[in-house]
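Per the working numbering, the sequence shown runs over residues 38 to 226.
Just so you know, even glycine gets a beta-carbon here, dropped at the ideal spot from N, CA and C.
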Amino acid sequence: MERALPLVLAGALLAGCGVLNDTDRGASTAMDMQEAAERADSMLDATLDAIVPEVQWAHDDTTAGSCDLTRRRTVMTVISEQRRGSFLGVIERFWKKSGYVITAVNSDADYPDIFAETPDGFGIDLTIGDKGQAYFEVNTPCVKKSKVAAPTAKPNGPDYAGVPIPRPNVRSDFWSAETPAPPRSPSAG
């Protein structure tokens with residue numbers, strides 16, 4: 038837990054809860070919280086779609102502040118220690134290709150994570166937690182206050198709405214393998 042607190046605080050600062058004002062972060066005063074939630078959902082959808090072979094995921098809690106919110110998804114597929122670097126590499130390459138700026142990378146063997154920011158001030162991160170469980174989170178910039186509906190995307194596995202999400206319980210021949218990933222081909226994206 039002592040290790041996690043500095044990372045959570047760093048993530049919060051990188052995600053737009055720091056000392057920059059909304060103009061500096063590219064916040065959109067025309068966008069409301071529902072529109073920001075939809076943008077966050079589309080970022081999460083695209084990120085998860087970039088993972089091949091696919092992983093099983095579930096919605097996690099949405100939290101809202103006075104003018105921002107956080108959308109989360111939890112991966113139910115076990116990401117083995119031997120494949121975590123490959124998993125983070127897939128995500129980092131996709132985010133860079135999408136125009137996101139990588140703001141921090143933690144290469145810890147057990148609990149690695151990566152943080153990025155979009156040109157319009159949305160923060161996105163991937164954290165690998167206990168038992169190889171991956172967590173994705175998008176933090177919005179400050180926008181107009183509004184009601185926020187639940188995400189509309191259906192999880193590709195069980196829906197854990199209203200109950201605690203369990204530890205990862207899905208095995209993948211690729212992501213859960215306890216051998217290093219095969220080398221990428223030079224033509225791979």
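Enclosing beta strand (DSSP E) for residue i [first to last residue]
i, result
"E75", "That residue, E75, is in no beta strand (DSSP E); its alpha helix (DSSP H) goes 70 to 86."
"F159", "Counting along the chain, F159 falls outside any beta strand (DSSP E), and DSSP gives it neither H nor E."
"F124", "That residue, F124, is in no beta strand (DSSP E); its alpha helix (DSSP H) goes 121 to 134."
"D105", "From DSSP, D105 is part of no beta strand (DSSP E); its letter is neither H nor E."
Buried or exposed by the 16-neighbour rule on C-beta atoms within 10 Å, applied to residue i
i, result
"I33", "Shown here, the chain extends from 38 to 226; a query on residue 33 therefore has no answer."
"V89", "exposed"
"R221", "exposed"
"A187", "exposed"
"V175", "buried"
"V142", "exposed"
"T189", "exposed"
"P219", "exposed"
"R208", "exposed"
"R204", "exposed"
"A83", "exposed"
Residue of the options minimising C-alpha distance to residue i
i, options, result
"A74", "L85, Q93, W94, A101", "A101"
"P149", "A95, E129, R221, K181", "E129"
"M68", "R120, T99, K184, D97", "K184"
"T216", "A95, L85, S117", "S117"
"P192", "T155, R121, Q119, A95", "A95"
"D105", "Q119, V180, D145, F211", "V180"
"I161", "T99, E91, A153", "A153"
"Q93", "A214, A218, P219, P195", "P195"
"A146", "D167, N206, T140", "D167"
"G158", "Y172, S144, T140, Q170", "T140"
"G169", "T155, A214, P156", "A214"
"Q3", "T107, F211, P156, P205", "The structure shown does not extend to residue 3, since the chain is modelled only from 38 to 226, so the question has no answer here."
"P156", "W132, R120, T99, Q119", "W132"
"W212", "S103, A171, K182", "A171"
"L85", "R120, S103, L163", "L163"
Bridge partners - residue i, DSSP secondary structure assignment
i, result
"R221", "Beta-bridge pairing links R221 to no other residue."
"A171", "I165"
"T111", "A95, Y172"
"E154", "V138, G160"
"K181", "D69"
"N143", "D150"
"V89", "Its beta-bridge partners do not exist; DSSP assigns none."
"V200", "In DSSP, V200 forms no bridge with anything."
Touching by the beta-carbon criterion (3+ pairs, under 8 Å), the segment 125 to 135 and the segment 186 to 201: no
Cβ contact check for the segment 101 to 113 and the segment 133 to 149: 3 or more pairs under 8 Å: no
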